[in-house]
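*Asks:* Quick one: structure below, then a few questions.
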Ligand code: ARG
């Protein structure tokens, strides 16, 4: 059934309905749709458009639809979209009074309202799961104590870094995602209800009142923009894709770390999979799918940006294509965040193996060069001297420590640099991988996590 038969001599073709219907997708929005209708009806009463008794009938019909849908007694079918379905059911319940529900409203401001309500609560849900993962990383950092591993650039061993520093690096990326979600939330928190089809209404609607009823921070400024704007969907898709990219980088690392060649981590059985053929295999599928599913997240963002590109003002049916990518990205990232959190919090990290890899002598080359700098050697010359020592060590198979001890500008004074753990002991810059800097960083991280926890709990 459609809401617009009046002007048409025949009903819609099956092909039209099959191609254009959105009920199969937007039925997920039924709660937001009813919530929006309740506020709209309250607004019509304040505006003096509906009588108290009409309002009572409509509100009770809407509540009835709500409980029928909760119980599964009303399962919309054959309607064009969720708005048509709810209005049809209200009219079945309330007769002619039900036919007053859509007064002063269009599905254009209605769907924009539903979507904003949905995105607001999704952003809070995803923020909660993102924060939970940041907390896991904070806990892993704390549990790692003084353990260190090689830090890599170009996937080549570069410098020893504290495991805590490494874990927190991923944690800070997630805190930026939380910040982006808070920011997207702020721009989503604007009510479009009362914009009508595109140009407002001749009825004395109350957009400020309905905005407040729905818990929006403010209402639209421009009715054309209100029904056209889907920036909040695009922004959300971008943030979700960015979280996915962060998870894919963690995933890639876990894939590498869990190889026998690296052996830095052993995944818990409950968070690993086996092979149907090779009895000995234990595979890091969560990590791989965190990497793999990020393709969809980026694809959803790209697809929707292309949908928006070139659309003239104001509402165009193309905008209906906002739902599938959004719903898919929210579901995908929610599952991924929970799986990665479980995988990481149950994993065992092999600190001895990490230390062994990090104690490889060449990783202190920069520290030796900086030792020379402090003695007045220009950096480029110091770089050359130490590079020569490393080359010599490789070519003549002599330990770096021996060459350092024998070197006139380095000597016994530089012995501590080459000793195991020397690189960590000597690091001193703020934000760097030295012990003091990392404990300071840990304090700041925990403080940020606490602030985010409070912000999210206030919204939950
Ligand atoms: N299903 C539509 C959407 O998701 C609802 C709005 C339809 N508006 C219209 N004028 N056909 O965008």
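In the working numbering, the protein residues as written are 14 to 473. By construction, the Cβ of each residue, glycine as well, lies at the ideal position given by its N, Cα and C atoms.
Considering only heavy atoms of ligand 1, does any lie closer than 7 Å to the CB of residue 130?
*Replies:* No, ligand 1 has no heavy atom inside 7 Å of this Cβ.
*Asks:* Across the segment 235 to 249 and the segment 115 to 134, are there enough close Cβ pairs to call them in contact, namely three or more that are closer than 8 Å?
*Replies:* Enough Cβ pairs lie closer than 8 Å, so yes.
*Asks:* Between residue 269 and ligand 1, is the CB less than 7 Å from at least one heavy atom?
*Replies:* Not under cutoff, so the answer is no.
*Asks:* Spell out the partners DSSP gives residue 162 in its beta bridges.
*Replies:* The partner list for residue 162 (beta bridge, DSSP) reads 174.
*Asks:* Under 7 Å from any heavy atom of ligand 1, does the C-beta of residue 243 make it?
*Replies:* No - ligand 1 has no heavy atom lying nearer than 7 Å to the Cβ of residue 243.
*Asks:* Which residue spans inside the segment 405 to 451 form an unbroken beta strand (DSSP E) run of at least 3?
*Replies:* Whole beta strand (DSSP E) segments, 3+ residues: zero.
*Asks:* Shortest alpha-carbon distance to residue 53 belongs to which of 341, 343, 217 and 361?
*Replies:* Ranking the options by Cα distance to residue 53, first place goes to 217.
*Asks:* With the cut-off set at 8 Å, would you say residue 256 and residue 346 are in Cβ contact?
*Replies:* It is a contact, given that the beta carbons lie within the stated cut-off.
*Asks:* Can you give me the Cβ contacts of residue 198 inside the same chain, cut-off strictly under 7 Å, excluding the 5 residues immediately before and after it?
*Replies:* Counting only Cβ-Cβ distances below 7 Å, and skipping sequence neighbours, we find 133 and 136.
*Asks:* Please tell me whether, using a cut-off of 7 Å, the distance from the CB of residue 47 to the nearest non-hydrogen atom of ligand 1 is below it.
*Replies:* No, Cβ of residue 47 sits at least 7 Å from all heavy atoms of ligand 1.
*Asks:* For the segment 88 to 107 against the segment 43 to 63, do three or more pairs of beta-carbon atoms, one drawn from each stretch, fall closer than 8 Å, so that the two count as touching?
*Replies:* The segment 88 to 107 vs the segment 43 to 63: in contact.
*Asks:* State yes or no: is the C-beta of residue 289 nearer than 7 Å to some heavy atom of ligand 1?
*Replies:* Answer for residue 289: no, Cβ out of range of ligand 1.
*Asks:* With three or more beta-carbon pairs closer than 8 Å as the criterion, would you say the segment 355 to 369 touches the segment 158 to 165?
*Replies:* Touching, per the Cβ criterion.
*Asks:* Please confirm if the segment 14 to 27 is in contact with the segment 72 to 87, defined as three or more CB-CB distances below 8 Å between the two stretches.
*Replies:* Short answer: they don't touch.
*Asks:* Taking 6 Å as the limit between beta carbons, can you name the residues of its chain near residue 304, skipping five residues before and five after?
*Replies:* Closer than 6 Å at Cβ, skipping near neighbours: 261, 264 and 265.
*Asks:* Quick one: is residue 419 buried, meaning 16 or more other Cβ sit within 10 Å of its Cβ, or exposed?
*Replies:* Residue 419 comes out exposed.
*Asks:* Going by beta carbon distance, what residues of the same chain come within less than 7 Å of residue 459, once the five residues before and after it are set aside?
*Replies:* Counting only Cβ-Cβ distances below 7 Å, and skipping sequence neighbours, we find 151.
*Asks:* Is the beta carbon of residue 475 within less than 7 Å of some heavy atom of ligand 1?
*Replies:* Given a span of 14 to 473 for the chain in the structure shown, any question on residue 475 remains unanswerable.
*Asks:* For residue 299 and residue 254, I'd like the C-alpha separation in whole angstroms.
*Replies:* About 17 Å.
*Asks:* Helix, strand or coil: how does DSSP classify residue 243 here?
*Replies:* In this structure, residue 243 counts as coil in the three-state DSSP scheme.
*Asks:* Candidates 107, 320 and 411: which alpha carbon is nearest residue 69's?
*Replies:* For residue 69, the nearest C-alpha among the options comes from 107.
*Asks:* Report yes or no: do the segment 326 to 345 and the segment 306 to 317 share at least 3 C-beta pairs separated by less than 8 Å?
*Replies:* Yes, since at least three Cβ pairs between the segment 326 to 345 and the segment 306 to 317 fall closer than 8 Å, the two stretches touch.
*Asks:* Let me know the secondary structure DSSP gives residue 126 once reduced to three states.
*Replies:* DSSP places residue 126 in helix when its eight states are reduced to three.
*Asks:* Counting along the chain, where does the alpha helix (DSSP H) carrying residue 337 start and finish?
*Replies:* Looking at the DSSP string, the run of the alpha helix (DSSP H) that includes residue 337 is 336 to 359.
*Asks:* Select from 32, 103 and 380 the residue whose C-alpha is nearest the C-alpha of residue 438.
*Replies:* Considering only alpha carbons, the answer is 380.
*Asks:* Using beta-carbon positions only, say whether residue 250 and residue 328 come within less than 8 Å of one another.
*Replies:* Cβ atoms of residue 250 and residue 328: not closer than 8 Å.
*Asks:* Do residue 245 and residue 200 count as a contact pair if the criterion is CB distance below 8 Å?
*Replies:* Yes, Cβ-Cβ distance for residue 200 and residue 245 is below 8 Å.
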